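Chains A and B are the protein sequences, given in the same order. Numbered by our numbering, the letters in the first sequence go through residues 5 to 323 in order. Numbered by our numbering, the letters in the second sequence go through residues 5 to 323 in order. Every residue gets a Cβ at the ideal spot worked out from N, C-alpha and C, and that includes glycine. None of these values were measured; they are calculated from a predicted model. These notes are about the structure you will find just below.
Number of protein chains: 2
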Amino acid sequence: MEIKDLGEFGLIERLTQILSIKDHSVLVGFGDDCSCIDIKGEKILFTSDIQLEGRHFIKRLIQPEDLGWKVVSVNVSDIVACGGEPKWGFISVGFPKDLSVEYVENIYKGIKKACDFYKMSVIGGNTTASDSIFLDLFLTGKTDRFVPRGGAEEGQMLMVCGYLGEARAGLEIAMEKGLNNLAGYEKRLIKRFSRPTADIHLSDRLSRYASAGIDISDGLVADLYHLSKASGVEVILDKNKLPVSPDLKRYCQQKGKDPLEYILYGGEDYKVVFTVDKRDTIQFPECKVIGFIGAKGEGVFLKDGSIVKKLEKKGFSHL
Amino acid sequence: MEIKDLGEFGLIERLTQILSIKDHSVLVGFGDDCSCIDIKGEKILFTSDIQLEGRHFIKRLIQPEDLGWKVVSVNVSDIVACGGEPKWGFISVGFPKDLSVEYVENIYKGIKKACDFYKMSVIGGNTTASDSIFLDLFLTGKTDRFVPRGGAEEGQMLMVCGYLGEARAGLEIAMEKGLNNLAGYEKRLIKRFSRPTADIHLSDRLSRYASAGIDISDGLVADLYHLSKASGVEVILDKNKLPVSPDLKRYCQQKGKDPLEYILYGGEDYKVVFTVDKRDTIQFPECKVIGFIGAKGEGVFLKDGSIVKKLEKKGFSHL
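What follows is the structure, given as structure tokens:
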């Protein structure tokens, strides 16, 4: 059997069984946005995420500084989703030998800017020669309370900050047109893909109020399926409450596409979707309620007025 | 300017300048085998090391279980060199989609065996599809006292456990003959390359007695140059005290080569070379004194009776 027959999550399930963990200081192991260990009462979060040339980015379609910024942001987003603040990063990089020093320095300038913005440090690293560029960041963080995927309860509200689906539109524009001669809204959409900013402003409140949280990297619906499964509850999105970005709207009008498809299945948003008790929604005035938690069970549903339909468990697809 | 013009260490120096660290809980940043942070008085070590197909291993020349074992061992060796014990690992992996599930499971069985052997856990990970296999392990550890590269002092003894140079011979045999129809000594030498064991038994004593330590991955001389530079001292190897493995001797006889070249420049040994006061050498009865620390300065020298010559700063080379 090959990996593709088993799928990413089937494979991970098998592998984590092999690596059974017996250490009692490990509070959370595989299966969430972060792992969590106890060091003298401090809850330390661990996560890692890679940017691999040809897989996660195409060199001519992203500025090196943005790439450095992005690899930090995608990791910070995992830390934030668990209610944490990023602290110390360790970066493993691979570069072709004929890559220009200036290019690499610009990547590191982006990393440094992101470190300053998120108030964290990259404290060490490992360098290797490789055929294609990769940046593999391992990031630790701290949290007062770990916010898991599996804590959502019936009747709680589902919230998110800002717009979804823009990153996917930005990627499409960059793939089609490159980075030059773009309209303002096209540039903004591309920036959502190439230079995302994690919801760092939510960290502290998530650890205080959120029952569950997940970083949207695969797409809203795909990631909510993880939350649904981990929590053992149905998740209901309210179609009329999903915020539609004006830039995405304009892009979709131009292309004859439905913004909803981008919002539900876009991916790479690096925003945190989370659940809270209804009374605590006021703690997040800058965020929007986009749905709620239904009965015990599993599945992600879209409610449009009185009609509720189950959504397909998939990443982005063209209509 | 391209990376190859600057060299690995020149590049790292530039990049670490960009990432200036201001966090006071960072006790050791770039430039040693591990970084070290203070979490409520605990000294936590960070390191990472990758195994990249085509660069660090050739798939047909290593068993997947050995590969899993090796990626753990090479990281543990960095932790041990700083006087630490490994605790929690986080693994980032890339696999081609047509790789067999069995192959990947065998890698993880090797990782698990190594975790049990070194009394540590891999507590999380990240999976991505990639053209070639990579295993990037980030490993944390704990130490009571950080053993740096820069602590060696004049008159101290230089020690190492076991034989050097075998891994390089093993790699050569595997490259030339493959893994089948091998003599016993050839199999043992290959095992040194493909399934190295870190000096975990030294951790505790290194943190108590060693003034400096470094993991031998690039080769004895190349890594001693790092120790020499960091400590600001000359390092003198005693030719007649360097232990020569019987297997390496046999291989070199067969090939008409000089074992000394392998011992000095072999690389991939993953043994710790360390310095201690003369009176403390008895704390390491299973290790051998292979030299001593000379005057303030920089350089690695080979003493043969009364003749002392400076050794070239290089990795492995054929005579």
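Within chain B, no C-beta atom comes nearer than 7 angstroms to that of Ile220 of chain A; the closest sits roughly 16 angstroms away. The DSSP-derived three-state label of Met124 of chain B is coil.
Close partners of Glu290 of chain B in chain A (Cβ separation under 9 angstroms) are lacking, with about 28 angstroms as the shortest Cβ gap. Taking C-alpha positions only, Ser125 of chain A is separated from Leu183 of chain A by approximately 30 angstroms. For Ala85 of chain A, the CB contacts under 6 angstroms within the same chain, skipping 5 residues up- and downstream, are Asp37, Gly217, Ile218, Asp219 and Val276 in chain order.
In this chain, the alpha helix (DSSP H) harbouring Leu228 of chain A covers Leu224 to Ser235. Within the segment 237-267 of chain A, the complete beta strand (DSSP E) segments at least 3 residues long are 237-242, listed from N- to C-terminus.
When B:Thr131, B:His205, B:Gly260 and B:Tyr269 are compared, the shortest CA-CA separation from Ile95 of chain B is found for B:Thr131.
Excluding five sequence positions before and after Ser232 of chain B, the CB atoms of its chain that fall closer than 7 angstroms to its own CB belong to Glu238, Val239, Glu302, Gly303 and Val304, given in chain order. Contact annotation: in the segment 133-154 of chain B, residues whose CB is within less than 7 angstroms of a CB in chain A are Ala133, Ser134, Asp140 and Phe142. For Arg18 of chain B, the nearest CB of chain A lies under 8 angstroms from its own CB, placing it at the interface with that chain. For Tyr112 of chain B, the closest Cβ of chain A is nearer than 8 angstroms. Non-local beta-carbon contacts of Ile267 of chain B in its own chain, meaning distances under 6 angstroms to residues more than five positions away in sequence, involve Leu168, Gly169 and Leu246 in chain order. The shortest C-alpha to C-alpha distance from Ala226 of chain B to any of B:Tyr269, B:Asp27 and B:Tyr122 is the one to B:Tyr269. Residues Lys74, Ser77, Val78, Ser81, Ala171, Glu272, Asp273 and Tyr274 of the same chain have their beta carbon placed closer than 8 angstroms to that of Pro200 of chain A, with the five preceding and five following residues left out of the count. For Pro90 of chain B, there is no enclosing alpha helix (DSSP H); the enclosing beta strand (DSSP E) has its first and last residue at Glu89 to Phe99. Between Lys63 of chain B and Ile22 of chain A, the CB-CB gap reaches or exceeds 8 angstroms. Taking C-beta atoms under 8 angstroms as the contact rule, Ala214 of chain B and Thr279 of chain B qualify, at a distance of about 6 angstroms. Residue nearest to Lys191 of chain A within the set A:Gln67, A:Leu10 and A:Val108 is A:Gln67 (criterion: CA-CA distance). Secondary structure at Val151 of chain A: coil, using DSSP grouped into helix, strand and coil. Close to Asp27 of chain B, with beta-carbon spacing below 7 angstroms, are these residues of chain A in chain order: Ser125.
Distance from the CA atom of Lys282 of chain B to the CA atom of Gly159 of chain B, rounded to whole angstroms, is 8 angstroms. Proximity to Asp262 of chain A across A:Ala173, A:Met179 and A:His230 peaks at A:Ala173, based on C-alpha coordinates.
Around the beta carbon of Lys116 of chain B, 16 or more other beta carbons lie within 10 angstroms, which makes this residue buried. DSSP lists A:Ser96 as the beta-bridge partner residues of Asn130 of chain A. When DSSP states are grouped into helix, strand and coil, Ser24 of chain B belongs to the coil group. DSSP, reduced to helix, strand and coil, places Gly72 of chain A within a helical segment of the structure shown. Between Leu175 of chain A and Phe142 of chain A, the beta carbon gap of about 25 angstroms keeps them out of contact (Cβ cut-off 8 angstroms). For Val80 of chain A, no chain B residue has a Cβ inside 9 angstroms of its Cβ, as the nearest lies near 15 angstroms away. When secondary structure is reduced to three states using DSSP, Gly114 of chain A falls in the helix class.
Going by DSSP, Asp9 of chain B is part of the alpha helix (DSSP H) stretching over Ile7 to Leu10. With a cutoff of 8 angstroms on beta-carbon distance, Cys291 of chain A and Cys165 of chain A are scored as near each other. Straight across, the Cα-Cα distance linking Ser249 of chain A with Glu57 of chain A is about 29 angstroms. Between Leu139 of chain B and Val97 of chain B, the C-beta gap is smaller than 8 angstroms, which places the two residues in contact. Close to Glu176 of chain A, with beta-carbon spacing below 8 angstroms, lies no residue of chain B; the smallest spacing is near 21 angstroms. Rounded to the nearest whole angstrom, the C-alpha separation of Phe121 of chain B and Ile177 of chain A is 51 angstroms.
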